[in-house]
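Undergrad: Sharing a structure, written as structure tokens. Questions coming.
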Amino acid sequence: MLERIAARRGELDTLVEQLAKQLEEARAERDELAVAERVLHRLAEQVVAETPAAVSVQVGGRGVLLVPHGMDEAALPAETGRSLRWCGPRTVR
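For what it's worth, this note's numbering labels the leading residue of the sequence shown as 47, then goes sequentially.
In structure tokens, the structure reads:
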């Protein structure tokens, strides 16, 4: 009986060591992901700050909206987004 108890204790000691190592690795990975998440948030904030906005101007006496190339369609007024999907983008020289 004592031999079985000692053997089981040995198994559990080994398991504890393995789990402690896995926990340490998981915590390290979680910390790395937290850093990556902060970096991505900062990059996203920079992109938003650097993204030019649509500008209303007069062309031939009519108001038009100049939309920079690559601007997110979701940032445009609803009617403008529908018009772009229906007509497609136009290039002005």
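We treat Cβ as the ideally placed atom computed from N, Cα and C, and that holds for glycine.
1) List the DSSP bridge partners of R84.
2) Could you tell me how far apart the beta carbons of V110 and V103 are, in whole angstroms, since I believe they sit closer than 8 Å?
3) Using the C-alpha atoms, what's the distance from L89 back to E49?
4) Please indicate yes or no: does the CB of R50 lie closer than 7 Å to some heavy atom of the ligand SAM?
TA: Well, looking at it:
1) On the sequence shown, residue 84 is found 38 positions in, with the first residue counted as 1. According to DSSP, R84 bridges with nothing at all.
2) For this step, residue 110 is matched to residue 64 along the sequence shown. For this step, residue 103 is matched to residue 57 along the sequence shown. Confirmed, Cβ separation roughly 6 Å.
3) Here residue 49 refers to the residue found at position 3 of the sequence shown. Here residue 89 refers to the residue found at position 43 of the sequence shown. The straight-line gap from Cα to Cα measures roughly 60 Å.
4) No copy of the ligand SAM appears in this structure; indeed no ligand is present at all.
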